[in-house]
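Under numbering that gives the first Met the number 0, the first residue of the sequence shown is numbered 0, with each subsequent residue one higher.
Note that beta-carbon positions come from the ideal geometry of N, C-alpha and C, so glycine has one too.
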Amino acid sequence: MQSQVNQNIFDLFSEETISGVAYKNKSLKRAIINHLDKTGNATITDLTLALNISVPKTTSLINELIGDGLVKDEGKVDSKGGRRANIYGLVAESAFFIGVDVKHYHVNIGLLDFKKNLVSDEMQVPYLLANTQESFDHLIRIIQGFIGNLSAAHRNILALCVNLSGRVNSENGYSYSFFHFHEEPLSTIIEKITGIRTYLENDSRAMAYGEFHNGIVRDEKNVLFVNLDYGIGLGIMIDGKIYRGKSGFAGEMGHIPLFTNELICHCGKKGCLETEASGQALIRMFKEKIAQGSGSSLQHDNKLPEPLHLADIIQSTRNEDVLCIELVAGIGEKIGRGLSVLINIFNPELVVLGGILSQTDEYIRLPIRSALNKYSLSLVNNDTQLLMSKLKEKAGIIGGCLIARDKLLSVQ
């Protein structure tokens with residue numbers, strides 16, 4: 000019975016072309032699911048009014064969705080008089096979505112149920128991101144291994160989303176920074192290998208999506224999410240919606256040409272914000288200071304860890320290493336200067352700081368706040384809150400899962 004239920008669910012969300020009554024019923028079922036997704040629970044009367052269809056038709060569709068395992072009868076609604084109506088809601092364990100958040104040196108991967116609960120995750124799975132077939136194959140093994148370790152009850156996976164840094168077009172599924180050695184879209188390649196509907200998203204935008212919908216953001220409609228990692232990314236929410244730009248490349252905050260220097264950014268240009276105010280820049284400046292004679296608790300027998308990771312400097316900052324604190328403060332001041340440009344342009348209600356560098360907490364937030372006061376218009380930044388990410392390291396996997404879920408539900 001379970002396999003049949005699963006197949007019915009897959010059929011409901013498939014893009015297979017059908018016509019006539021079958022098409023209409025499929026569209027109405029999906030409309031019911033979307034309504035329940037937005038409202039939480041509803042009665043037959045609620046659904047009848049919302050969808051503008053008859054009570055018998057609504058009842059028939061609800062019964063079919065109950066048979067498919069997607070909807071359940073939640074019991075009677077409270078009523079002061081008259082016959083109490085039954086109320087219906089989505090079944091959390093009926094379907095699942097996977098979010099794959101790819102970092103430079105590890106992968107975070109998680110499973111979300113149909114009611115947006117994170118039910119399983121594997122954090123910081125060792126991995127080295129590189130634009131090579133070997134790195135791609137390793138990523139696929141991590142995804143397949145995660146799926147293979149799931150219980151039978153969690154195998155009904157409808158879609159997954161892979162988050163990658165750099166330039167990603169989420170509409171056509173192409174990555175232009177990593178794994179672009181196939182003619183077909185990367186999302187299509189992964190989908191063929193895994194057998195699961197696959198979407199692609201920029202990592203900063205996926206983190207922002209998670210934070211906007213399940214994190215620190217509440218009623219704010221205009222929000223900037225800054226991903227402070229080896230590079231600097233940006234997620235933009237305007238009027239309650241994610242802004243991607245014409246080609247899906249919006250949010251390249253790290254490539255604002257803020258400095259007059261001879262440092263070549265990985266994008267090929269000089270003077271980008273990332274050259275002096277990113278995790279990669281922090282590692283470079285730390286090594287330069289050590290070479291010039293500065294000391295740090297990271298040194299053991301006058302040697303630094305090899306390779307030196309950003310996480311090492313962050314942990315030392317939290318352990319009150321003076322050199323690390325000074326460098327993080329300098330990075331924060333420059334990030335704040337770049338962020339001031341965006342605040343003057345967007346006038347957001349809220350700026351959220353996320354990514355690995357945000358784990359230094361007040362050591363980076365205070366210099367950023369100070370720079371915002373110095374460089375942005377006071378009338379603008381006085382209306383802008385500056386908060387740290389609530390989801391932290393899980394922002395990416397939750398965002399990826401939600402993107403996979405929302406994209407699937409939005410397909411007509």
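The beta carbon of GLU200 is closer than 7 Å to those of CYS160, ASN162, VAL167, SER169, GLY399, ILE402 in its chain, skipping five residues each way along the sequence. Non-local C-beta neighbours of GLU348 in its own chain, meaning closer than 8 Å and more than five positions away in sequence, comprise GLU219, LYS220, ASN221, VAL222, ASP382, THR383, GLN384, ordered along the chain. Inter-residue distance for VAL101 and ASP202 is about 8 Å (C-alpha atoms, whole angstroms). At a Cβ-Cβ threshold of 7 Å, GLN358 and ILE330 do not count as neighbours.
DSSP, read as helix, strand or coil, puts LEU309 in helix.
Residue environment analysis places PHE180 among the exposed positions, since fewer than 16 neighbouring C-beta atoms fall within 10 angstroms of its C-beta.
DSSP places MET206 inside the alpha helix (DSSP H), whose first and last residues are 202 to 213. The closest CA to that of GLY250, considering only GLY337, ASP36, ALA41, is found on GLY337.
Note that the segment 177 to 193 touches the segment 120 to 136; at least 3 beta-carbon pairs, one per stretch, sit closer than 8 Å. Straight-line spacing of the CA atoms in ILE188 and VAL379 works out to 45 Å. SER293 sits away from LEU326, with the two beta carbons spaced by 7 Å or more. Under DSSP, no beta-bridge partner is assigned to CYS323. One thing to note: LEU257 has its Cβ within 7 Å of the Cβ of LEU272.
Under the three-state reduction of DSSP output, HIS179 falls in the coil class, being neither helix nor strand. About 16 Å separates the beta carbon of ALA207 from that of LYS406, a gap too long to meet the 8 Å contact definition. VAL90 is positioned such that its CB atom lies closer than 7 Å to that of LYS71. For LEU297, there is no enclosing alpha helix (DSSP H), since its DSSP letter is neither H nor E. If you ignore the 5 residues before and after SER295, its C-beta comes within less than 6 Å of the C-beta of ASP320, LEU322, all in its own chain and listed in chain order. With a threshold of 16 other beta carbon atoms within 10 Å, ARG243 meets it and is buried. The closest CA to that of LYS25, considering only LYS56, ALA290, LYS37, ILE397, is found on LYS56. In the structure shown, CYS400 adopts helical secondary structure according to DSSP, grouped into three states.
Excluding its 5 nearest sequence neighbours in each direction, ILE367 has C-beta neighbours in its own chain below 6 Å: GLY331, ILE334, GLY335, listed in chain order. Between SER388 and ILE342, the CB-CB gap reaches or exceeds 7 Å. Contact between ILE156 and PHE95 holds: CB atoms are separated by about 5 Å, below the 8 Å threshold. DSSP links MET387 through a beta bridge to LEU352. If you ignore the 5 residues before and after THR259, its C-beta comes within less than 8 Å of the C-beta of GLY270, all in its own chain and listed in chain order. Straight across, the Cα-Cα distance linking ILE52 with ILE8 is about 22 Å.
Collapsing the DSSP output to three states places PHE96 in a strand.
VAL216 counts as buried, since at least 16 other C-beta atoms from the protein chains shown sit within 10 angstroms of its C-beta. In this structure, the straight-line span from the alpha carbon of HIS299 to that of ALA394 is close to 34 Å.
For GLY66, the uninterrupted alpha helix (DSSP H) run begins and ends at 54 to 67, by DSSP. If you compare the alpha carbons of LYS268, LEU408, GLY19, LEU390 with that of ALA205, the shortest gap goes to LEU390. Taking the CA atoms as reference points, LYS114 sits about 8 Å from ASP36. With fewer than 16 other Cβ atoms inside 10 Å of its own Cβ, TYR22 counts as exposed.
Under the DSSP assignment, GLN279 falls in the alpha helix (DSSP H) whose first and last residues are 278 to 290.
According to DSSP, residue pairing for VAL90 in a beta bridge does not occur.
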